[in-house]
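Counting with the UniProt record's numbering, you get residues 1 to 599 for the letters of the sequence shown. From the three backbone atoms N, C-alpha and C, an ideal C-beta is built for every residue, glycine too. Source: prediction; values computed, not measured.
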Amino acid sequence: EIDSVPEESLRRAKQIGFSDKQIGKCLGLSEAQSRELRIKKNIIPWVKQIDTLAGEYPAVTNYLYVTYNGQEHDVKFDDCGMMVLGCGPYHIGSSVEFDWCAVSCIRTLHQLSKKTVVVNCNPETVSTDFDECDRLYFEELSLERILDIYQQEACDGCIISVGGQIPNNLAVPLYRNGVKIMGTNPLQIDRAEDRSVFSAVLDELQVAQAPWKAVSSLISQKPKMEATLNGSAMNVVHTEKEMKKFLAEATRVSQEHPVVLTKFIEGAREVEMDAVAKNGKVICHAISEHVEDAGVHSGDATLMFPAQTISQGAIEKVKIATRKIADAFAISGPFNIQFLIRGNDVLVIECNLRASRSIPFISKSLGLDFIDMATKVMTQEQIHESSLPALTNPTIPSNYVGIKAPMFSWPRLRDVDPILRCEMASTGEHSFRPKFLYEAEQLHSQGFKLYATPATSTWLNSNGIPASPVAWPSKEKSEPTLPPVRQLIKDGSIDLVINLPNNNTTFVQDNYLIRRAAVDGGISLLTNLQPVISLLPLDLPQRYHNHLLLNMMNVTGTLSNKRMAIPAFRKKYILTPKHSVEKAKSKRPLNFAGMETKK
Numbered sequence: 001e002i003d004s005v006p007e008e009s010l011r012r013a014k015q016i017g018f019s020d021k022q023i024g025k026c027l028g029l030s031e032a033q034s035r036e037l038r039i040k041k042n043i044i045p046w047v048k049q050i051d052t053l054a055g056e057y058p059a060v061t062n063y064l065y066v067t068y069n070g071q072e073h074d075v076k077f078d079d080c081g082m083m084v085l086g087c088g089p090y091h092i093g094s095s096v097e098f099d100w101c102a103v104s105c106i107r108t109l110h111q112l113s114k115k116t117v118v119v120n121c122n123p124e125t126v127s128t129d130f131d132e133c134d135r136l137y138f139e140e141l142s143l144e145r146i147l148d149i150y151q152q153e154a155c156d157g158c159i160i161s162v163g164g165q166i167p168n169n170l171a172v173p174l175y176r177n178g179v180k181i182m183g184t185n186p187l188q189i190d191r192a193e194d195r196s197v198f199s200a201v202l203d204e205l206q207v208a209q210a211p212w213k214a215v216s217s218l219i220s221q222k223p224k225m226e227a228t229l230n231g232s233a234m235n236v237v238h239t240e241k242e243m244k245k246f247l248a249e250a251t252r253v254s255q256e257h258p259v260v261l262t263k264f265i266e267g268a269r270e271v272e273m274d275a276v277a278k279n280g281k282v283i284c285h286a287i288s289e290h291v292e293d294a295g296v297h298s299g300d301a302t303l304m305f306p307a308q309t310i311s312q313g314a315i316e317k318v319k320i321a322t323r324k325i326a327d328a329f330a331i332s333g334p335f336n337i338q339f340l341i342r343g344n345d346v347l348v349i350e351c352n353l354r355a356s357r358s359i360p361f362i363s364k365s366l367g368l369d370f371i372d373m374a375t376k377v378m379t380q381e382q383i384h385e386s387s388l389p390a391l392t393n394p395t396i397p398s399n400y401v402g403i404k405a406p407m408f409s410w411p412r413l414r415d416v417d418p419i420l421r422c423e424m425a426s427t428g429e430h431s432f433r434p435k436f437l438y439e440a441e442q443l444h445s446q447g448f449k450l451y452a453t454p455a456t457s458t459w460l461n462s463n464g465i466p467a468s469p470v471a472w473p474s475k476e477k478s479e480p481t482l483p484p485v486r487q488l489i490k491d492g493s494i495d496l497v498i499n500l501p502n503n504n505t506t507f508v509q510d511n512y513l514i515r516r517a518a519v520d521g522g523i524s525l526l527t528n529l530q531p532v533i534s535l536l537p538l539d540l541p542q543r544y545h546n547h548l549l550l551n552m553m554n555v556t557g558t559l560s561n562k563r564m565a566i567p568a569f570r571k572k573y574i575l576t577p578k579h580s581v582e583k584a585k586s587k588r589p590l591n592f593a594g595m596e597t598k599k
């Protein structure tokens with residue numbers, strides 16, 4: 001009998017740190033049944049204040065935690081508040097972008113004279129500063145802990161859409177346990193997260209999407225096209241052999257763990273729609289474009305706002321699809337839709353009914369806080385919509401282009417191959433607003449010295465572009481007359497490495513060794529063709545080279561970022577891409593925006 005479990009044993013289990021889920025597993029119960037049993041026996045946690053004064057004086061703070069090793073609460077619960085869930089610990093995929101969203105939401109709630117109850121467990125975040133909220137619970141973002149706090153505080157509601165995917169995953173479980181979720185209905189969030197349901201909705205709306213299929217067997221699944229393996233181990237495969245290799249590395253294919261195959265559209269552009277809707281109507285939006293072609297995770301992509309290469313016809317199709325999706329899911333709050341565009345063909349990739357990591361960048365580029373608008377929508381406050389960038393009234397900057405570029409920690413990840421894939425790898429970002437985008441001059445005419453592997457060097461020289469050949473790492477001994485590329489990098493003779501990986505297995509290991517040498521030596525590295533075209537527009541045909549190694553005497557930097565200075569703009573600005581982290585000698589100071597004025 002479940003009721004025969006001794007109360008003292010259950011209380012002791014909670015005091016030493018067992019969760020309801022763990023206790024339920026021991027007793028053969030679900031987490032909900034285990035929680036019900038605990039509450040039935042009146043075993044509830046106590047809310048205590050964190051002692052910030054080491055016991056010397058009574059500490060009165062809003063730093064709170066819950067414990068079963070107590071006898072009374074340290075605070076009173078006489079003022080219901082609005083709960084805001086933070087982003088949790090920083091990791092690849094969840095970083096300061098989401099904390100910016102949470103803090104913006106909290107500050108808007110304060111302006112609306114609403115008490116705020118924040119749950120987060122990351123001391124690095126601004127949301128866990130003592131003066132940002134009324135009640136701060138330094139606790140994990142688990143169903144059990146959030147329910148305990150929500151019920152004890154008797155909160156008016158819970159905002160889950162500003163902390164990234166972790167709180168978003170709790171929308172339905174919280175809703176089913178009686179928590180009032182502010183904004184979009186949790187059942188609609190669940191529909192958008194379910195790939196099959198979302199796809200069916202798009203079909204009903206006559207909104208195009210990339211062909212896809214969920215498979216549980218390798219039999220008869222030979223790809224007749226390039227495909228993307230979706231999920232937690234995403235990869236792009238080109239052949240049956242590659243598919244088998246990645247599936248073996250990723251997971252066992254079965255009915256319980258199916259693999260989603262999506263047709264990979266070669267050479268497609270990717271754009272992001274960040275928007276806020278109210279009862280299914282879009283009230284503000286912004287469309288940004290990835291510099292890289294589709295195939296790079298959105299968190300690793302370099303963003304341009306407004307979109308620079310997308311036709312007006314395609315933009316209109318993006319708006320039409322957005323309007324239909326917002327209405328179909330009755331969205332109230334922030335959301336993000338990712339699109340594939342090739343010519344005028346527009347395909348939906350996915351839709352997230354929460355704030356995206358690009359919203360802080362968009363908000364600052366436009367000078368309009370999207371989270372402020374979303375918070376007012378979710379709390380049903382009055383908004384003056386006439387001045388907002390609705391779908392029919394977009395705000396497009398005319399005197400600047402917003403750029404958001406990723407930052408990586410490759411030097412700290414020993415032996416990791418520093419190339420961009422479908423899975424996110426960046427750990428930060430930076431942004432700036434140049435006046436123009438495509439006005440760089442030819443590198444060789446500006447004093448660059450070009451190094452290249454033998455075949456690339458021959459091709460460049462035959463096309464009138466001087467380049468010095470270097471030896472592949474695997475041929476350093478067999479080609480002693482050529483300078484070894486890794487030694488050039490190590491000696492500091494090269495300041496920028498452009499290495500574009502392809503499917504040529506002949507040089508896979510050599511290319512990897514060059515990329516690692518660049519990262520380990522603190523040399524700037526580009527591994528994707530589109531940033532090379534955008535940031536270094538050489539007067540060359542667009543063909544894939546094995547790699548280019550460029551050297552220029554004029555190198556600038558800061559204390560933490562070695563940069564390549566590229567003369568870029570008529571207005572005498574210099575664009576300085578940042579992709580590696582090593583102290584470099586600075587010849588001219590740079591301001592915070594990553595732009596330098598050339599005197």
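Suppose you measure from the CA of residue 304 to the CA of residue 398; what does that come to, to the nearest Å?
For the purposes of this step, residue 304 is identified with residue 304 of the sequence shown, where counting begins at 1. For the purposes of this step, residue 398 is identified with residue 398 of the sequence shown, where counting begins at 1. If you take the alpha carbons of residue 304 and residue 398, they lie about 13 Å apart.
Taking the C-alpha atoms as reference points, what is the distance between residue 19 and residue 275?
The residue labelled residue 19 in the question sits at position 19 within the sequence shown. The residue labelled residue 275 in the question sits at position 275 within the sequence shown. Using only the alpha carbons, I get a separation of about 38 Å.
Does DSSP put residue 137 in a helix, a strand or coil?
Taking the sequence shown and counting its residues from 1, the one referred to as residue 137 is at position 137. Correct three-state label for residue 137: strand.
Near residue 11, which residues of its chain fall below 6 Å by C-beta distance, leaving aside the five closest residues on each side in sequence?
In the sequence shown, residue 11 corresponds to position 11, counting from 1. The answer, listed in chain order, is 43.
Rounding to the nearest angstrom, what Cα-Cα distance links residue 355 and residue 287 in this structure?
Here residue 355 is taken as the residue at index 355 of the sequence shown, counted from 1. Here residue 287 is taken as the residue at index 287 of the sequence shown, counted from 1. Roughly 14 Å between the two C-alpha positions.
Does at least one heavy atom of the ligand SAM sit under 6 Å from the Cβ of residue 143?
Ligands are entirely absent from the displayed structure, and the ligand SAM is therefore not among its contents.
Would you mind sorting residue 316 into buried or exposed? The rule is 16 or more other CB atoms within 10 Å of its CB.
The sequence position of residue 316 within the sequence shown is 316, counting from 1. Exposed, since its Cβ has fewer than 16 Cβ neighbours within 10 Å.
Take residue 501 as the anchor and find which of 510, 205, 239 has the nearest alpha-carbon.
One-based indexing of the sequence shown puts residue 501 at position 501. Nearest of 510, 205, 239 to residue 501, Cα basis: 510.
By the three-class DSSP mapping on this structure, what secondary structure does residue 110 have?
One-based indexing of the sequence shown puts residue 110 at position 110. Looking at residue 110 - three-state DSSP - the assignment turns out to be helix.
How should residue 176 be labelled, buried or exposed, when 16 other C-beta atoms within 10 angstroms of its C-beta is the threshold for buried?
Residue numbering aside, residue 176 sits at position 176 when the sequence shown is read from its first letter. Residue 176 is exposed by the Cβ-count criterion.
Hey, quick one: how far does the alpha helix (DSSP H) through residue 456 stretch, first residue to last?
Taking the first residue of the sequence shown as position 1, residue 456 is located at position 456. Residues 454–462.
Can you tell me which of the three DSSP states residue 333 falls into?
Residue numbering aside, residue 333 sits at position 333 when the sequence shown is read from its first letter. Strand at residue 333.
Determine the burial state of residue 52: buried for a count of at least 16 other Cβ atoms within 10 Å of its Cβ, exposed for fewer.
Indexing the sequence shown from 1 puts residue 52 at position 52. Exposed: under 16 other Cβ atoms inside 10 Å.
Between residue 123 and residue 149, what straight-line distance do the alpha-carbon atoms span, to the nearest angstrom?
For the purposes of this step, residue 123 is taken as the residue at position 123 of the sequence shown. For the purposes of this step, residue 149 is taken as the residue at position 149 of the sequence shown. Their backbone Cα atoms lie some 19 Å apart in a straight line.
Taking the alpha carbon of residue 296 as the reference point, which residue from 236, 157, 352 has its own alpha carbon closest?
Your numbering for residue 296 matches position 296 in the sequence shown. Answer by Cα proximity: 236.
So, do the segment 111–123 and the segment 137–157 have three or more beta carbon pairs nearer to each other than 8 Å?
Yes: at least three Cβ pairs fall under 8 Å.
Return the first residue and the last residue of the beta strand (DSSP E) that residue 657 is part of.
Given a span of 1 to 599 for the chain in the structure shown, any question on residue 657 remains unanswerable.
What are the boundary residues of the beta strand (DSSP E) that residue 345 is part of?
Residue numbering aside, residue 345 sits at position 345 when the sequence shown is read from its first letter. Residue 345 -> beta strand (DSSP E) spans 345–352.
Assuming residue 299 and residue 426 are in contact, meaning their beta carbons sit under 8 Å apart, how far apart are those beta carbons, in whole angstroms?
Mapped onto the sequence shown, residue 299 falls at position 299. Mapped onto the sequence shown, residue 426 falls at position 426. Indeed, because the Cβ distance is near 6 Å, the residues count as touching under 8 Å.
With DSSP run on the structure shown, which of helix, strand or coil describes residue 100?
If you number the sequence shown from 1, residue 100 lands on position 100. Residue 100: helix per DSSP, three-state reduction.
State the beta-bridge partners of residue 48 as determined by DSSP.
As a working mapping, residue 48 is identified with position 48 in the sequence shown. Its beta-bridge partners are 65.
According to DSSP, residue 429 sits in a beta bridge with which residue or residues?
Here the question's residue 429 lines up with position 429 in the sequence shown. BP columns for residue 429 point to 406.
Can you find the residues in the same chain that come closer than 6 Å, C-beta to C-beta, to residue 363, ignoring five residues on each side of it along the sequence?
Stepping through the sequence shown from its first residue, residue 363 is reached at position 363. These residues qualify, in order along the chain: 369, 370.
Tell me, please, whether the segment 339–348 touches the segment 197–213 by the rule of three or more beta-carbon pairs shorter than 8 Å.
They touch, by the three-pair rule.
May I have the straight-line CA-CA distance separating residue 619 from residue 6, to the nearest angstrom?
Here the chain has residues from 1 to 599 only, and residue 619 is not among them.
Taking the alpha carbon of residue 68 as the point to measure from, which residue in 493, 208, 38 has its own alpha carbon closest?
Within the sequence shown, residue 68 is the residue found at index 68, counting from 1. Ranking the options by Cα distance to residue 68, first place goes to 38.
Which whole-angstrom value describes the C-beta separation of residue 166 and residue 424, a residue pair presumed to lie in contact below a C-beta threshold of 8 Å?
The sequence position of residue 166 within the sequence shown is 166, counting from 1. The sequence position of residue 424 within the sequence shown is 424, counting from 1. The Cβ separation is near 15 Å, so there is no contact.
Going by CA-CA distance only, name the one from 102, 21, 66 that's closest to residue 374.
Position 374 of the sequence shown, counted from the first residue, corresponds to residue 374. Nearest C-alpha to residue 374: 102.
Please report the distance separating the alpha-carbon of residue 153 from that of residue 77.
Locating residue 153 in the sequence shown gives position 153, where the first residue counts as 1. Locating residue 77 in the sequence shown gives position 77, where the first residue counts as 1. Rounded to the nearest angstrom, the two C-alpha atoms are 6 Å apart.
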